[in-house]
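Chains as they are written, first to last, in our numbering: chain L, 319 to 654; chain E, 319 to 654. Heads up, the beta-carbon is just placed ideally off N, CA and C, and yes, glycines get one too. Here the structure is a predicted model, which is why all the values come from computation and not from measurement.
There are 2 protein chains.
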Amino acid sequence: MGASIKDVALHAGVSVKTVSNVINDFPFVSAATRAKVQAALDELDYRPNLSARLLRGGRTGVVALAVPEISAPYFAELAAQFVQQAKKHGWTVLIDETQGAKDSERIVLDGIKSHLIDGLIVSPLALTAKEIEQRRDRTPLVLLGERLTKAPVDHVSIDNVAGATAATAHLLALGRRRIAAIGSQPHISGGTAALRLRGFRAALRTARIRYDATLVQPAKSYHRADGYAAMNQLLDLPQPPDAVFCFNDLLAIGALRALHERGRGVPGDVAVIGFDGIEEGDFHTPTLSTIRPDRAEIARLALALLERRIDGGASASPQEGYAPFELLIRQSTGHP
Amino acid sequence: MGASIKDVALHAGVSVKTVSNVINDFPFVSAATRAKVQAALDELDYRPNLSARLLRGGRTGVVALAVPEISAPYFAELAAQFVQQAKKHGWTVLIDETQGAKDSERIVLDGIKSHLIDGLIVSPLALTAKEIEQRRDRTPLVLLGERLTKAPVDHVSIDNVAGATAATAHLLALGRRRIAAIGSQPHISGGTAALRLRGFRAALRTARIRYDATLVQPAKSYHRADGYAAMNQLLDLPQPPDAVFCFNDLLAIGALRALHERGRGVPGDVAVIGFDGIEEGDFHTPTLSTIRPDRAEIARLALALLERRIDGGASASPQEGYAPFELLIRQSTGHP
DNA sequence: GCTTGGTTTTACAACGTTGTTTACTACGTT
DNA sequence: AACGTAGTAAACAACGTTGTAAAACCAAGC
């Protein structure tokens, strides 16, 4: 195994604590001793044992990011932001895939790995308010997404309602009147889908357009295949829509595929807008209009909140951060 | 903080070690004592401190996966496989983004986090053979990709040369004769790009077609934008190609975008094939033909090798695993 | 009653690190 | 000459856990 502080001390002919002092830049170490220790440090290729440090009460410099699905581009791109920005805090990011409620639970509630990490950022998908409130683990936590609970938990989100309203308003501004939505999740209340649906309906109301429930397609999950299936459903309607707001970009890409296969022009026959701003949308044919949340800002805010809580302890009052979003108009709602 | 073993012992009225014995299913504990301890364990919601366990010489149950770029779909999808399969070994995966040589180095060579993890799987991009050989850290390691070094390191890969040959042969079978390649990396020898180029040339040679270096476009990185730029270069040639083999799917998608913008038909004017088999290609317009490595098998093999090395120690001789790949023929080289 | 042998429980040490306390040195001040 | 004081170094304890070894308990056999 690697050299421990003890080996270094022996090698340098000083005490263990002196080595520790050198490592931690303790002020009162003579230049001579410091040099001697440093030489031993280099020669033995010493590397600190994080477990021991953590055990002693210190920190590991590792924070965990738990996302539902790392293979989804939005989360992959978000994770990349976290990894990058975490460096500024001197942190390494442990990325974890929750996949669903069960694992999510395990991480947040049981805190299995909590002794290895300094803090935890969770993007909840299946996590309910109750589960968060029942959380026993004391590891500092920041949630991504709307505030689900009154429990004292920091969270960072974007304004999903406003984003959905902006997307829908954009379709309305194109003159579309029969606007569909893909991605509702009727069985889940209070989640992202519910908020985006609310924004969708708000925009319709403002434009004095009757809400037609048959134009709202649920999606079990948010993958391309779900959007593909949902779009086909919509095209089978007696009166198909002339525009679609998809609750994320993957659904939109699936929808575009279905439209293409069935020979519908985009945006001529049907205009399509997504949500997320993943890079894939910018290279699709046609390129995809979308609402892009400021991912860098999300990561920045979440990490700042986490740092505050790690430093300030559990005492600090819970805080919320909002990241902006922007409307990106591309071919799927623009000029072909 | 959470309850420690000491608190549990106090609460149950037994010694610390007895609690430890119960936790670890030590055989000689009376039923009565066991029940008493278990009750205290439950009541105090005890959870073991992994740091302490690790410090004591045990394992964390955490393995790290280091990929160059988590936001690249291939790596995101690969990482998802690892996360899933690792569960079968009782492991949690710590995903790490290396981004380039510098960080890669830090992880593999310095082993910064090595005290927190049981093993490490690295997908090297910029890592050179020399760096691997100079590695000092003793953490069990499995490399993804071709064998770069004679150092005793396990590795798992696919046959890149054969894959590239298959892709190119497929283009040749369509009757194409002026076949370009996108993604060479002339300044890096022995890497993936070099192997795929070798396979490309081998297929041409078999078909007795002269290798035309002007048709080989380098790519600094493997993103959509690089493929887009490279394809535009190729289209500016006096004699543009009638087919392109892109060294990964993202390059291919960028190339398709460029072809679309310049009004070239695919596969009519130019046939395009990629490499990786990411899901995005199956929803692109046109859908993308590609070589798909068996990602599940890659993960399975790598984890098996890692487990072997963790159990068997450094003594075991290095082993190699090969995962199969398949040729997926879709619209970009098929019937539109 | 006392050894024997097996079962059950405990004390102790150790893993590597750092905060606290203590000890020593050299210097300048009374 | 005795006395701070500041600078430097080291001894010790502690974090939570588990392996080792020793101790305590119990029943059976003489």
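{"Item": "Reduced DSSP category for E:Phe-393 - H, G, I as helix; E, B as strand; rest coil", "Value": "helix"}
{"Item": "Which of helix, strand or coil DSSP assigns to E:Leu-438", "Value": "strand"}
{"Item": "Same chain, Cβ closer than 6 angstroms to E:Ala-330, neighbours up to 5 away in sequence not counted", "Value": "Lys-354, Val-355 and Ala-358"}
{"Item": "Within-8 angstroms CB hit, E:Leu-619 to chain L", "Value": "no"}
{"Item": "C-beta contact flag for E:Leu-568 and E:Tyr-529 at 8 angstroms", "Value": "no"}
{"Item": "DSSP-derived helix/strand/coil call for L:His-473", "Value": "strand"}
{"Item": "Beta carbon proximity, E:Leu-553 to chain L, threshold 8 angstroms", "Value": "no"}
{"Item": "C-beta contact flag for L:Pro-559 and L:Ser-650 at 8 angstroms", "Value": "no"}
{"Item": "When L:Lys-538, L:Thr-378 and L:Val-460 are compared against L:Val-474, the one with the closest alpha-carbon", "Value": "L:Val-460"}
{"Item": "Sequence-distant residues of its chain with Cβ nearer than 8 angstroms to E:Val-411 (five each side left out)", "Value": "Val-380, Val-381, Ala-382, Leu-383, Ala-397, Phe-400, Val-401 and Ala-404"}
{"Item": "Chain E contact for L:Glu-449 (CB, 8 angstroms cutoff)", "Value": "no"}
{"Item": "Interface flag, L:Phe-601 vs chain E, CB-CB below 8 angstroms", "Value": "yes"}
{"Item": "Complete alpha helix (DSSP H) runs within the stretch 503-591 of chain L (minimum length 4 residues, chain order)", "Value": "510-524, 542-553 and 567-579"}
{"Item": "Any chain E beta carbon closer than 8 angstroms to L:Thr-378", "Value": "yes"}
{"Item": "Any chain L beta carbon closer than 8 angstroms to E:Val-590", "Value": "no"}
{"Item": "Residues near L:Arg-613 in its chain [Cβ-Cβ closer than 7 angstroms; skip 5 each side]", "Value": "Glu-395, Leu-396 and Gln-399"}
{"Item": "Listed by chain order, chain L residues near E:Ser-391 by CB distance under 9 angstroms", "Value": "Residue identity check: residue 391 of chain E is Pro in the sequence provided, not Ser. In chain order: Ser-389, Pro-391, Ala-394 and Glu-598."}
{"Item": "Host alpha helix (DSSP H) of E:Arg-495 (start-end)", "Value": "No alpha helix (DSSP H) contains E:Arg-495, which DSSP labels as neither H nor E."}
{"Item": "Contact with chain E by L:Arg-495, beta-carbon distance below 8 angstroms", "Value": "no"}
{"Item": "Three-state secondary structure (DSSP) of E:Phe-400", "Value": "helix"}
{"Item": "Chain E within 8 angstroms of L:Ser-369, Cβ atoms only", "Value": "yes"}
{"Item": "Within 8 angstroms, strictly: CB atoms of L:Val-479 and L:Arg-516", "Value": "yes"}
{"Item": "Any chain L beta carbon closer than 8 angstroms to E:Leu-656", "Value": "Examination of residue 656 of chain E is not possible in this model, given that chain E is present from 319 through 654 alone."}
{"Item": "Where the stretch 513-534 of chain E meets chain L: residues whose CB sits under 8 angstroms from a CB there", "Value": "none"}
{"Item": "Nearest residue (CA-CA) to E:Gln-557, options E:Leu-619, E:Ala-531, E:Phe-565 and E:Ala-547", "Value": "E:Ala-531"}
{"Item": "Chain L residues whose Cβ lies nearer than 7 angstroms to that of E:Glu-415", "Value": "Ala-398 and Val-401"}
{"Item": "Any chain L beta carbon closer than 8 angstroms to E:Gln-473", "Value": "Correcting the residue identity first, residue 473 of chain E is His in this sequence and not Gln. No, because no Cβ of chain L sits closer than 8 angstroms to the Cβ of E:His-473."}
{"Item": "Environment of L:Arg-494 [buried if 16+ CB atoms lie within 10 Å]", "Value": "buried"}
{"Item": "Contacting residues, own chain, Cβ-Cβ under 7 angstroms from E:Ser-333 (five flanking each side not counted)", "Value": "Ala-327"}
{"Item": "Chain E contacts made by the stretch 570-594 of chain L, where a contact means CB separation under 8 angstroms", "Value": "Ile-571, Gly-572, Leu-574, Arg-575 and His-578"}
{"Item": "Close beta carbons around L:Phe-393, own chain, < 8 angstroms, minus the five adjacent residues each side", "Value": "Val-385, Pro-386, Glu-387 and Ser-441"}
{"Item": "Span of the alpha helix (DSSP H) around L:Asp-360", "Value": "349-362"}
{"Item": "Residue-chain proximity (E:Thr-336, chain L), Cβ-Cβ < 8 angstroms", "Value": "no"}
{"Item": "Bridge-paired residues (DSSP) for L:Ser-607", "Value": "L:Ile-591"}
{"Item": "Beta-carbon neighbours of E:Thr-351, restricted to chain L and to distances below 9 angstroms", "Value": "Here the premise fails: no neighbours, minimum Cβ distance about 25 angstroms."}
{"Item": "For E:Glu-625, the first and last residue of its enclosing alpha helix (DSSP H)", "Value": "613-630"}
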